[in-house]
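Peer 1: In this note's numbering, the protein residues as written are 28 to 234.
Ideal Cβ positions, reconstructed from N, Cα and C, are used throughout, including at glycine.
(1) Exposed or buried, which one is residue 101 when buried takes at least 16 other CB atoms within 10 Å?
(2) Check whether the Cβ atoms of residue 168 and residue 89 sit closer than 8 Å, and answer yes or no.
(3) Report yes if the C-beta distance between residue 196 and residue 215 is below 8 Å; otherwise report no.
(4) Apply the 10 Å Cβ neighbour rule to residue 163 and answer buried if 16 or more other Cβ atoms are within range, or exposed otherwise.
(5) Kindly provide the ranges of any alpha helix (DSSP H) runs that are 4 or more residues long and lie completely inside the stretch 102-153, ordered along the chain.
(6) Report yes or no: do the stretch 108-119 and the stretch 205-225 share at least 3 C-beta pairs separated by less than 8 Å?
(7) Under 7 Å Cβ to Cβ from residue 48, same chain only, skipping five residues before and after it: list those, please.
(8) To the nearest angstrom, how far is the alpha carbon of residue 80 from that of residue 39?
(9) Are the CB atoms of residue 227 and residue 203 within a distance shorter than 8 Å?
(10) Can you grab the Cα-Cα spacing for the pair residue 124 / residue 106, in whole Å?
(11) Between which two residues does the alpha helix (DSSP H) containing residue 211 stretch?
(12) Would you be able to state if there are at least three C-beta pairs under 8 Å between the stretch 205-212 and the stretch 131-140?
(13) One question on the structure: do residue 130 and residue 219 come within less than 8 Å of each other, judged by their Cβ atoms?
Structure below.
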């Protein structure tokens, strides 16, 4: 793709295009395994353009992580707005709505897996603090804005980590290989299981 063609798209739109592609590549290959060249090809642009816009791979990953954290916070706050706590007490239905909002994020391919890559990189002196900051921000939303007790937030976050693990293991692709696979997927994703299977299958075809 020529530099002229690349420049025709507004910078903000191009930035989002690159970040979306980077989320997929980082999510699938990990931070260490991904390259700016792979991300550029996934975005359909030149590698020098990616470097010029984001600088290093580390900077690009930090922006991918921030994008994922922002989208997660937005999804949770939208769910809370639909089921607002009364006098600080979460109403019935809020937990299920938050869980559904989390699962819906898989439609933006790479978001949940790029968050997991941030957790895996917790030892990194630059990425680690940002990943921890985002994790605690999510915890505070669930505790302070949704009104859940810390013990319940722990359970909710543990369920989310299970979902991330199942997605990282590509378990939806192997749902018919073993009855136990379908069983654990059904327990984790519940009424959203069909959506998860459809989305992951479509993403595999597009890859």
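Peer 2: Result, derived from the coordinates:
(1) exposed
(2) no
(3) no
(4) exposed
(5) 121-131, 138-147
(6) no
(7) 66, 69, 70
(8) 11 Å
(9) no
(10) 6 Å
(11) 206-216
(12) no
(13) yes
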